[in-house]
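The structure under discussion appears below in the form of structure tokens.
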Amino acid sequence: MAGALLAQGWPGEAALACAVHLHGAAADACVAQGQGPTGLTAGELIAPARNLFNRWIAEHCRHA
Numbered sequence: 250m251a252g253a254l255l256a257q258g259w260p261g262e263a264a265l266a267c268a269v270h271l272h273g274a275a276a277d278a279c280v281a282q283g284q285g286p287t288g289l290t291a292g293e294l295i296a297p298a299r300n301l302f303n304r305w306i307a308e309h310c311r312h313a
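The numbering of the sequence shown is this note's numbering, which starts it at 250 and goes up by one.
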């Protein structure tokens, strides 16, 4: 996740902080839907992470 944000031009510290937060939030979303936490794979985080990131961006743009 950090690499993807860096590739999009994010500053290093911001990319790392966002990636860590996004990774945890995506895992929390999976667990809330009854997946894992044991056996949760990285591939299962893709859709929740994308949805969360898009929501965060939309909320930020709405308030900017």
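Idealized CB from N, CA, C, for every residue including glycine. Computed from a prediction, not measured in an experiment: that's the story for all the values here.
**OP:** Give me the Cβ distance between L294 and C279, rounded to the nearest whole Å; I'm assuming they're in contact under 8 Å.
**Re:** 7 Å
Worksheet item: When you compare only the Cα positions, how much space is there between L254 and G292?
Response: 18 Å
Item to check | Cα-Cα separation between A274 and L289, rounded to whole angstroms | outcome: 13 Å
- Task: Would you kindly work out how many angstroms separate the C-alpha atoms of H312 and Q284, rounded to a whole number?
- Result: 32 Å
Q | Residues near G261 by beta carbon distance below 8 Å, same chain, minus five either side | A | L255
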